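4 protein chains.
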Amino acid sequence: MIIVIQCSDQVGLVATVSNVLAKNIINIISMREHVDTASKRFFLRVETEGAANTVSLLPQLKEVLPANANIQINPIPEKKIIVLVTKEYHCLSDILIRNHFKTLRAAVQCVIGNHASLQDICQRFDIPFHLTSHENVSKESFESDLLGLIQKYTADYLVLAKFMRILSPTFVTHFPMRIINIHHSFLPAFAGANPYRQAYERGVKLIGATAHFVTDLLDEGPIIAQQIIPVNHSFTPTDMMRAGKEIETSVLAKALHLVFEDRILVYGNRTVVFE
Amino acid sequence: MIIVIQCSDQVGLVATVSNVLAKNIINIISMREHVDTASKRFFLRVETEGAANTVSLLPQLKEVLPANANIQINPIPEKKIIVLVTKEYHCLSDILIRNHFKTLRAAVQCVIGNHASLQDICQRFDIPFHLTSHENVSKESFESDLLGLIQKYTADYLVLAKFMRILSPTFVTHFPMRIINIHHSFLPAFAGANPYRQAYERGVKLIGATAHFVTDLLDEGPIIAQQIIPVNHSFTPTDMMRAGKEIETSVLAKALHLVFEDRILVYGNRTVVFE
Amino acid sequence: MIIVIQCSDQVGLVATVSNVLAKNIINIISMREHVDTASKRFFLRVETEGAANTVSLLPQLKEVLPANANIQINPIPEKKIIVLVTKEYHCLSDILIRNHFKTLRAAVQCVIGNHASLQDICQRFDIPFHLTSHENVSKESFESDLLGLIQKYTADYLVLAKFMRILSPTFVTHFPMRIINIHHSFLPAFAGANPYRQAYERGVKLIGATAHFVTDLLDEGPIIAQQIIPVNHSFTPTDMMRAGKEIETSVLAKALHLVFEDRILVYGNRTVVFE
Amino acid sequence: MIIVIQCSDQVGLVATVSNVLAKNIINIISMREHVDTASKRFFLRVETEGAANTVSLLPQLKEVLPANANIQINPIPEKKIIVLVTKEYHCLSDILIRNHFKTLRAAVQCVIGNHASLQDICQRFDIPFHLTSHENVSKESFESDLLGLIQKYTADYLVLAKFMRILSPTFVTHFPMRIINIHHSFLPAFAGANPYRQAYERGVKLIGATAHFVTDLLDEGPIIAQQIIPVNHSFTPTDMMRAGKEIETSVLAKALHLVFEDRILVYGNRTVVFE
């Protein structure tokens, strides 16, 4: 069982929570705690042995924690996700492989693409693929189609695995902190289009990738994970793109792992990551 | 104040400790906890606001924790250290600079060298330097001289900053888990002499450095920190040595930082690092 | 076209080669050169624009280079490979994905497994899978079966993608510097069996993976690529294994990329890597 | 001897240069070559054995290379540098230590500070320190004082080792590609003031440092080297600053090493780095 708590800080919160657990004879396997001293905010993630009677635990915790406390008690089953893609195969394939071999910690419900290119790979893994083209339709209409498709499934998260359309604030509002994107740069450097071309022009010596939650501000949402790799003068923009795909895959995989294990707590535009 | 506790695990230990703190109106700034499930061993580091009446806190904690608990309550003043060196300047200089600018989190009491080469740099920083040659004397006599010198000072730790003599088990016994060494390889690869030559011969693509506590088994003590840097075919053993010095300096600095902030708990031949 | 040359060093070799190319109006895109000063050995990799009349170029180069020169002139088509596996899916899946999307720089001819576990994933990608069990047969017989299968195909390289059987020197002799293995440790640390358990016992703070050519000495062949990732006290051997799989996949992918682009020159037990 | 050439590309340039060297019986130790195919620009760095009669070599190379060729033939003595600082000690101390132990590959002529804080450390190393305050004087007057001081010495490079004043384009014009700065962020992210505060607000998971040549556009000059280190939610802006100092020191050291060994060729706003 995983318990995630976020509330205003006060003396004795750890004692309060651990007392409730001890009283219920629940053994703590790992406990990670953080206090943001600037905002006086308290964050806690507790992983416990075995399952527990969640029904009775939640009211017990509510009773002793501050009224503003956000308390989640999750069993450790897998999350359900929908993956959105365009044409690039690398992030999707990695997700499909992990999903197929049951190491994703989530179950892919379906893949939605605005191009047909990745239909074949989905079929090879028996994962439903839905084509929803953005061409010759308004953005509203496109997003309405998307939404319709998504609502046919139950999904905890939408994963944008190199989905190259910008989602409108209206669309994003439906899934607050539930859309995860991989951006192909070390944000905030090179936000927006063509980050590898931008990186090439600037002559940087490292390129990066950033996994973040999507908010209504483009490439401005809370960052989950970032990585970089070295590049040098011999890299063309195409070489950078090729090298970048390796870390895009790897950063997205890491971010999903963290999110699916309830290790990410969002506060304002920042994340607490209990790795 | 920093509280470090190590004992056998049982349900409710975090609650137990945090209750004691809450009762004493001590606010927790950060708490890091680890349970080694294989050995059922519990590790805790708590950093609290302000100082506290240590005299009364220790018995309170002893009363409620298992009888075998190792409890340390440290104020946050700086540790005292003695540095042992031979001829290489890089690790010592880094320590002297940090010591001079008060960012070492420890105070260098003196430097002891078995060569005179580094006397000058110590003098430039007004740090006492003692020459104790290993030449023309038995190991017993050399170590007895060392010990005599060390005992003139009060020191929490001995830091071997590229001290190229192997200390006898007898000597080491005087300072259990209080001698920190920097070994110029990624242990356990290339233990013993000439690790860069060994690395060159093997054609490795990464070289490393390891900071560890010294035990009576050569290069076998608990590891505190390790780092690597890439090398390639163009590196001669000398190039490797030169590149290696950079990470030796950096790994030792990191390890000292961790030790001096009471972030390292040793158990058997392994360390818990609350970074 | 890629030209790879290895010979004893002498003044003017770069001029010699580049003169031949200039005379044939062949434009150099990139040239990487290395002299091992200790062994007075010269290594060169030249990538040129367009194809060339290899038939006439080779004798021209032979005429002007030392008699002992090893000269390879490769067009830039893809290599052919056979992949050997046991049960773990991560390295094989990565190879199959890259093969499927034509970014492997090689074509997988078939996969041979000593367990049936990975047959399904091969079938999903329309890659022939051959089961050759090592059970209830002598090592000689097992390797003879392997060899028989391999010889039905044309292959430049055998890739051991977590193939958990040790190949005999006799077998290896058939494929000198043509078998690539991924070892799940930072060699030479933790050679042999159970490297993650060994790493756990030793309490290391980094774990690694090593891609190397297979020779008749176990885990002793020339190293192609190595990488590490940080671990800490909270990692069980199982956690290390899981984390290690990520770099095993990534190191093997990198090594294959280098080998398939003729960027690896072997000399003695070391490699020159023209990255 | 180190020969550095930059010119428009054409077939046979490597042959041309290496023929001249062979004719003069000069042995090549290492040769690094790069063609920027987009701009059809050729870059070459050759390190040779022994010294040579430079006087006769330069005209020989000029004769056979394109008229626009930029040719430098440098013996391998050390460069001369002047270091500019404000209050922070870490980069300067590292330079002073390497200078003192003769591993900087350059000789520090003097240090100029706009605060007196670092006078003491310079004196400890017998390096002249000049205080030139920016307070109560116009920028023109301040820079004129600076220039006056600098011109009393002979210096190949000015190193801004955490010099916190922005130099005017007029000043920079005096030292084209001869001023090296360390910026405390992963440029182009967080250019300008307070990068660690900016990084904290954005919630990034990596922070960086960038060494670059100074041009008349703030933080926009050609990048020499960059590095990053991971940070997390537990880092305050002050913690980031403290952690950042470690990589600032290390990136600047690396950049200086590369520049002082003539391994950096600048073209437009980008650098070719023959590492």
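Protein chains in written order, with numbering that gives the first Met the number 0: chain C, 0 to 274; chain B, 0 to 274; chain U, 0 to 274; chain L, 0 to 274. By construction, the Cβ of each residue, glycine as well, lies at the ideal position given by its N, Cα and C atoms. Keep in mind that this is a model prediction, so the values were computed, not measured.
Residue environment, residue i, which counts as buried when at least 16 other CB atoms sit within 10 Å
i                            : result
serine 233 of chain L        : exposed
proline 175 of chain C       : exposed
glycine 207 of chain B       : buried
asparagine 18 of chain C     : buried
alanine 192 of chain C       : exposed
alanine 37 of chain C        : exposed
glutamine 226 of chain U     : buried
threonine 237 of chain B     : exposed
serine 184 of chain L        : buried
glutamine 150 of chain U     : exposed
valine 54 of chain B         : exposed
threonine 153 of chain B     : exposed
lysine 161 of chain L        : buried
phenylalanine 100 of chain C : exposed
valine 136 of chain U        : exposed
glutamate 77 of chain L      : exposed
Where residue i meets chain B, residues with beta-carbon distance less than 9 Å
i                            : result
valine 271 of chain U        : Asn231, His232 and Ser233
phenylalanine 124 of chain L : Arg123
Chain C residues whose Cβ lies nearer than 7 Å to that of residue i
i                     : result
valine 13 of chain B  : Val13, Ser17, Ile27 and Met30
alanine 21 of chain B : Val10, Gly11 and Ala14
Contacts that residue i makes with chain C (C-beta to C-beta distance below 9 Å)
i                     : result
lysine 204 of chain L : Thr209, Ile222, Ile223, Ala224, Gln225, Gln226, Thr270 and Val272
Per-residue contacts from residue i into chain B (C-beta, under 8 Å)
i                        : result
isoleucine 24 of chain C : Val10
Interface partners of residue i on chain C, CB under 8 Å
i                      : result
tyrosine 88 of chain U : Ile96 and Phe100
Contacts that residue i makes with chain U (C-beta to C-beta distance below 7 Å)
i                      : result
proline 187 of chain B : Ala188 and Arg201
serine 92 of chain C   : Ile96
Beta-bridge pairing of residue i - partner residues as DSSP gives them
i                           : result
lysine 78 of chain L        : L:Ala105
glutamine 225 of chain U    : U:Thr209
histidine 129 of chain U    : U:Ile111
phenylalanine 42 of chain U : U:Gln5 and U:His33
histidine 182 of chain L    : L:Thr209
threonine 270 of chain C    : C:Val265
threonine 47 of chain U     : U:Ile27
tyrosine 156 of chain C     : C:Ile80
glutamine 71 of chain B     : B:Val3
Contact belief for residue i with residue j at Cβ below 8 Å, rounded distance in angstroms
i                            : j                        : result
valine 34 of chain C         : aspartate 8 of chain C   : 5 Å
phenylalanine 141 of chain B : threonine 131 of chain B : 7 Å
valine 171 of chain L        : aspartate 215 of chain L : 5 Å
leucine 166 of chain U       : valine 230 of chain U    : Wrong, their Cβ atoms sit about 29 Å apart, outside the cutoff.
valine 14 of chain B         : alanine 68 of chain C    : Here the sequence assigns alanine to residue 14 of chain B, which means valine is not the residue at that position. Between alanine 68 of chain C and alanine 14 of chain B the Cβ distance is about 18 Å, and since that is not below 8 Å, they are no contact.
isoleucine 228 of chain C    : alanine 242 of chain C   : 6 Å
proline 65 of chain L        : cysteine 121 of chain L  : Contact doesn't hold; Cβ gap of about 46 Å is too wide.
isoleucine 70 of chain C     : isoleucine 4 of chain C  : 5 Å
valine 16 of chain B         : leucine 60 of chain B    : 7 Å
asparagine 26 of chain B     : glutamate 48 of chain B  : 4 Å
alanine 198 of chain L       : alanine 188 of chain C   : Not a contact, Cβ separation roughly 11 Å.
Residues that residue i contacts on chain U, provided the C-beta gap is smaller than 8 Å
i                       : result
histidine 33 of chain B : His232 and Ser233
Distance cut-off 8 Å: residue i Cβ against heavy atoms of the ligand ZN
i                            : result
phenylalanine 174 of chain L : In the structure shown, the ligand ZN is absent, as is every other ligand, since no ligand is present at all.
- prompt: Would you call the segment 212–224 of chain C and the segment 192–208 of chain L in contact, with 3 or more CB pairs under 8 Å?
  reply: By the Cβ criterion, the segment 212–224 of chain C is in contact with the segment 192–208 of chain L, since at least three pairs of Cβ atoms, one from each stretch, lie closer than 8 Å.
message: Whether or not the segment 248–261 of chain L and the segment 174–189 of chain L are in contact is what I'm after, with contact meaning three or more pairs of Cβ atoms, one per stretch, closer than 8 Å; do they touch?
response: Judged by Cβ distances under 8 Å, the segment 174–189 of chain L makes contact with the segment 248–261 of chain L, as three or more pairs qualify.
- prompt: Pairing CB atoms from the segment 103–117 of chain L with CB atoms from the segment 108–126 of chain B, are three or more of them under 8 Å?
  reply: Not touching, per the Cβ criterion.
query: Counting pairs of beta carbons, one from the segment 70–84 of chain L and one from the segment 25–41 of chain L, are three or more of them closer than 8 Å?
result: No, the segment 70–84 of chain L is not in contact with the segment 25–41 of chain L.
message: With three or more C-beta pairs closer than 8 Å as the rule, is the segment 96–107 of chain C touching the segment 86–97 of chain U?
response: The segment 86–97 of chain U is in contact with the segment 96–107 of chain C.
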